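The listed protein sequences correspond, in order, to chains A and B. The C-terminal residue of the first sequence carries number 109 in the numbering used here, and the numbering is unbroken. The C-terminal residue of the second sequence carries number 1113 in the numbering used here, and the numbering is unbroken. The beta-carbon is built from N, C-alpha and C at its ideal position, and this holds for glycine as well. Quick caveat, the model's predicted, so the values are computed rather than measured.
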Amino acid sequence: SQQGEEDPQALSIQEGENATMNCSYKTSINNLQWYRQNSGRGLVHLILIRSNEREKHSGRLRVTLDTSKKSSSLLITASRAADTASYFCATWNFNKFYFGSGTKLNVKP
Amino acid sequence: EAQVTQNPRYLITVTGKKLTVTCSQNMNHEYMSWYRQDPGLGLRQIYYSMNVEVTDKGDVPEGYKVSRKEKRNFPLILESPSPNQTSLYFCASSPREMNTEAFFGQGTRLTVV
């Protein structure tokens, strides 16, 4: 079974609004990563948060991690049409890399 | 430029005809892996390799083979493709350490008819 699950499955917002995506995972982790995928293309790494970190920022991205709830959230502030993509969380467990089911974000201009 | 290169990008083949999808990375990464992506099922790991000559099964290895004779290459082999292997395939690599990002190829869209 997949290590991570995300919600919502799809999210549609207007340009300029914030987008929040959530990820839950099942086992203990060393770190949790977020990736972005433009339609049918390869995944691109966005940000990594270690298990001893609670929050991390990178540009317009803010990631939080709650290891007690086994959950993480990705916030994209002031969204742009170019942010339209699918977003996945991913975790390492026993030499394997597990991906969540993804959130499909549509940012309308 | 650091990259993971997959070939081909698109492939249509017939059931039972052996094929190989190549994957090469230029970052001297030890860890490489293959995934398939299907609608509603997300990305699932097929095989991974921790180093040269060290490979192991992921979550969906049936019908696939891999080899890791050199550090930079990790080909995916379908000995007898079937229509249920129609999918979008990704290769990825990362350093051995677990606290680093993975780099992905651009994907191979395979159709088996």
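Query raised in the report: Looking at C-beta atoms only, is the number of pairs between the region 1002-1009 of chain B and the region 1024-1034 of chain B that lie closer than 8 Å three or more?
Result: yes
Requested in this report: If I'm right that Phe97 (chain A) touches Ser1033 (chain B) with Cβ under 8 Å, what's the distance once you round it to whole angstroms?
Outcome: Counting from one through the first sequence, the residue named residue 97 (chain A) turns up at place 97. Counting from one through the second sequence, the residue named residue 1033 (chain B) turns up at place 33. So it is a contact: roughly 6 Å between Cβ atoms.
Report task. Output the boundary residues of the beta strand (DSSP E) element that contains Lys1057 (chain B). Result -> As a first step, residue 1057 (chain B) is located in the second sequence; it is residue number 57 there, counting from the start. 1054-1057 is the extent of the beta strand (DSSP E) around Lys1057 (chain B).
Report task. State whether the region 23-34 of chain A contacts the region 81-93 of chain A, with contact taken as three or more CB pairs (one from each stretch) at a distance under 8 Å. Result -> yes
Report task. From the DSSP output, read off the bridge partner residues of Thr1108 (chain B). Result -> The residue you call residue 1108 (chain B) lines up with position 108 of the second sequence. Thr1108 (chain B) is bridged to B:Tyr1089.
Query raised in the report: What are the uninterrupted segments assigned as beta strand (DSSP E) that are 3 or more residues long and contained completely in the region 9-71 of chain A, given in chain order?
Result: 10-14, 19-25, 31-37, 43-50, 55-58, 61-66
Query raised in the report: Would you call the CB atoms of Gln37 (chain A) and Ser72 (chain A) closer than 8 Å?
Result: Working through the first sequence from its first residue, we reach residue 37 (chain A) at position 37. Working through the first sequence from its first residue, we reach residue 72 (chain A) at position 72. With contacts defined as CB atoms closer than 8 Å, Gln37 (chain A) and Ser72 (chain A) fail to qualify as a contacting pair.
**Report entry** C-alpha gap between Arg1096 (chain B) and Met1050 (chain B), whole angstroms
**Finding:** Position 96 of the second sequence, counted from the start, is the residue given in the question as residue 1096 (chain B). Position 50 of the second sequence, counted from the start, is the residue given in the question as residue 1050 (chain B). Going from the Cα of Arg1096 (chain B) to the Cα of Met1050 (chain B) covers about 7 Å.
Report task. Please list the residues of the region 1094-1108 of chain B that have a C-beta atom closer than 7 Å to any C-beta atom in chain A, keeping them in chain order. Result -> Residues of the region 1094-1108 of chain B that bring their beta carbon within less than 7 Å of a beta carbon in chain A comprise Met1098, Asn1099, Glu1101, Ala1102, Phe1104, Gly1105, Gln1106, Gly1107, in sequence order.
Query raised in the report: Counting Cβ pairs, one atom from each stretch, are 3 or more of them under 8 Å apart for the region 1005-1019 of chain B and the region 46-55 of chain A?
Result: no
**Report entry** Closer than 9 Å at the beta carbon, the chain A residues around Gln1045 (chain B)
**Finding:** The count along the second sequence starts at 1 and reaches residue 1045 (chain B) at position 45. Correct list: Lys96, Phe97, Tyr98, Phe99.
Query raised in the report: If we call anything under 8 Å between Cβ atoms a contact, is Leu11 (chain A) one with Thr103 (chain A)?
Result: Counted from its first residue, the first sequence places residue 11 (chain A) at position 11. Counted from its first residue, the first sequence places residue 103 (chain A) at position 103. Their beta carbons are under 8 Å apart, which means Leu11 (chain A) touches Thr103 (chain A) by this criterion.
Query - Cut-off 6 Å between Cβ atoms - residues of its own chain near Gly1016 (chain B), not counting five sequence neighbours on either side - result: Numbered from 1 along the second sequence, position 16 holds the residue referred to as residue 1016 (chain B). These residues qualify, in order along the chain: Ser1080.
Requested in this report: Can you grab the Cα-Cα spacing for the pair Ser1 (chain A) / Gly1042 (chain B), in whole Å?
Outcome: Translated into positions along the first sequence, residue 1 (chain A) becomes position 1. Translated into positions along the second sequence, residue 1042 (chain B) becomes position 42. Note on Ser1 (chain A): pLDDT 45, under 50, position unreliable in the model; the coordinate value appears next. Rounded to whole angstroms, Ser1 (chain A) to Gly1042 (chain B) spans 11 Å at the Cα level.
Query - Glu6 (chain A) versus His57 (chain A): straight-line alpha-carbon distance, rounded - result: As a working note, residue 6 (chain A) is residue 6 in the first sequence. As a working note, residue 57 (chain A) is residue 57 in the first sequence. When rounded, the distance between both Cα atoms is 20 Å.
Query raised in the report: Since Met1050 (chain B) meets chain A, which of its residues come closer than 8 Å, beta carbon to beta carbon?
Result: Against the second sequence, residue 1050 (chain B) aligns to sequence position 50. The answer, in chain order, is Asn95.
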